[in-house]
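In this note's numbering, the protein residues as written are 104 to 195. In what follows, a single structure is set out as structure tokens and then discussed.
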């Protein structure tokens, strides 16, 4: 697995379900993972709160202070993404 492109902010979009909260009771941030692979699973330092999956796209709900997401797929080496390295800042 590899990353193609870089993160982009969709701040003008109403993408996040504000009822989804992290362990601290804070509204989660959203991260969209687009891929031509199916059956991906995810982990992060603070934990993935919720995942909504559609064909070709997974929407992850994360704590706003999350900095790392790891993607797993059977038959592939895991991919650790340090969000800041790709211009992704969840906390605004």
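C-beta: ideal position from N, C-alpha, C; glycine also. For clarity, every value in this text was computed on a predicted model and none was experimentally measured.
Note the first and the last residue of the continuous beta strand (DSSP E) segment covering residue 134. 132-137
Roughly how far, in whole angstroms, is the beta-carbon of residue 164 from the beta-carbon of residue 133, given that I think they are within contact range, below 8 Å? 6 Å
Anticipated Cβ contact below 8 Å, residue 144 with residue 172, distance rounded: Not really, about 11 Å apart at Cβ, beyond 8 Å.
With 9 Å as the threshold, decide whether the Cβ of residue 189 is near any Cβ in chain B. This model lacks chain B altogether; it includes just one protein chain.
Do the stretch 152-167 and the stretch 134-143 make contact, defined as three or more Cβ pairs closer than 8 Å? yes
Can you tell which of 126, 120, 142 and 130 has the C-alpha that lies nearest to the C-alpha of residue 179? 142
Could you give the C-beta distance for residue 123 and residue 152, rounded to a whole number, given that I count them as a contact under 8 Å? 6 Å
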